[in-house]
Amino acid sequence: MFRVALRASASLQNAAKQCLKVQGSALTAVRHGHGKVETEEEFDSRYVKYFDRPDIDGWEIRKAMNDLTGEDLVPEPKIIIAALKACRRLNDYSLAVRYLESVQWKCGTQKAKIWPYIHQEIKPTLEELGILTPEEMGYDKPELALKSVFDM
């Protein structure tokens, strides 16, 4: 009885391996078949135009922000400014602050170098729209953080 189960299990494993081999090659073929490669300026202008649309809604803003966060880049200040203005048109203050947090997160280990530049570039827009950064709101430190026993 166990021999039958083992043979069935082995044939199932072989079938699964064959399926994975076929899918792997299909995925490779699709990845190499992409069309025109977009320049940095075209990429930036595409997102700026998208955020500048007057009929944009909350879902579309969140979708574009999520797509940008998924890219292997830190967005240019002009994209961030367009996103913040779109948040203001929809009167979504919390989304604007959370997007600033995600931009800071995207800076990664280079936050000390990249974020001051971005903040300097978007500061006039932040003041115009009345948006505080997460640091100005105290979000960079936990609310109930205790002093470390090693610092006492």
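In this note's numbering, the protein residues as written are 2 to 153.
For glycine and all other residues, C-beta sits at the position ideal for the given N, C-alpha and C.
Q. Who are the near neighbours of T70 in its chain, counting only those whose CB is closer than 7 Å to its CB and skipping five residues on each side?
A. Here the question's residue 70 lines up with position 69 in the sequence shown. Correct list, in chain order: S103, K107.
Q) For S46, does the three-state DSSP call read helix, strand or coil? A) Indexing the sequence shown from 1 puts residue 46 at position 45. Three-state DSSP puts S46 in a helix.
Q.
Beta-carbon within less than 6 Å of I119's beta-carbon, same chain only, minus the 5 sequence neighbours each way: which residues are those?
A. As a first step, residue 119 is located in the sequence shown; it is residue number 118 there, counting from the start. If we look at I119 and ignore the five residues flanking it on each side, its Cβ neighbours are P78.
Q | Candidates Y48, D152, A83, of which the one nearest D68 by Cα | A | Along the sequence shown, one-based indexing puts residue 68 at 67. Among Y48, D152, A83, the Cα nearest to that of D68 is on Y48.
**Q.** Inter-residue CB distance, M66 and A84 (contact presumed, cutoff 8 Å)
**A.** Numbered from 1 along the sequence shown, position 65 holds the residue referred to as residue 66. Numbered from 1 along the sequence shown, position 83 holds the residue referred to as residue 84. Contact holds; Cβ gap of about 6 Å.
**Q.** Pair within 8 Å by beta-carbon distance, L101 and P135
**A.** One-based indexing of the sequence shown puts residue 101 at position 100. One-based indexing of the sequence shown puts residue 135 at position 134. For L101 and P135, yes; Cβs fall inside 8 Å.
**Q.** Residue environment, L96, which counts as buried when at least 16 other CB atoms sit within 10 Å
**A.** Here residue 96 corresponds to residue number 95 of the sequence shown, with the count starting at 1. L96 is buried by the Cβ-count criterion.
Q) In terms of residue numbering, what span does the alpha helix (DSSP H) encompassing E72 cover? A) Against the sequence shown, residue 72 aligns to sequence position 71. Segment: none, E72 is in no alpha helix (DSSP H) and carries neither H nor E.
Q) Within 10 angstroms of its Cβ, does A87 collect 16 or more other Cβ (buried), or is it exposed? A) Indexing the sequence shown from 1 puts residue 87 at position 86. Classification for A87: buried.
**Q.** Closest residue to G109 among L133, L74, I132 (Cα-Cα distance)
**A.** If you number the sequence shown from 1, residue 109 lands on position 108. That would be L74, whose Cα lies nearest to the Cα of G109.
Q) Hey, how far is the Cα of G25 from the Cα of G36? A) For the purposes of this step, residue 25 is identified with residue 24 of the sequence shown, where counting begins at 1. For the purposes of this step, residue 36 is identified with residue 35 of the sequence shown, where counting begins at 1. In this prediction, G25 scores a pLDDT of 47, lower than 50, which makes its location untrustworthy; no coordinate-derived value is stated.
(Q) I132 and Y94 - do their beta-carbons sit closer together than 8 Å? (A) Along the sequence shown, one-based indexing puts residue 94 at 93. Along the sequence shown, one-based indexing puts residue 132 at 131. For Y94 and I132, yes; Cβs fall inside 8 Å.
Q) Which value, in whole angstroms, describes the spacing of the CA atoms of L145 and P55? A) Looking up residue 145 in the sequence shown gives position 144. Looking up residue 55 in the sequence shown gives position 54. Roughly 41 Å between the two C-alpha positions.
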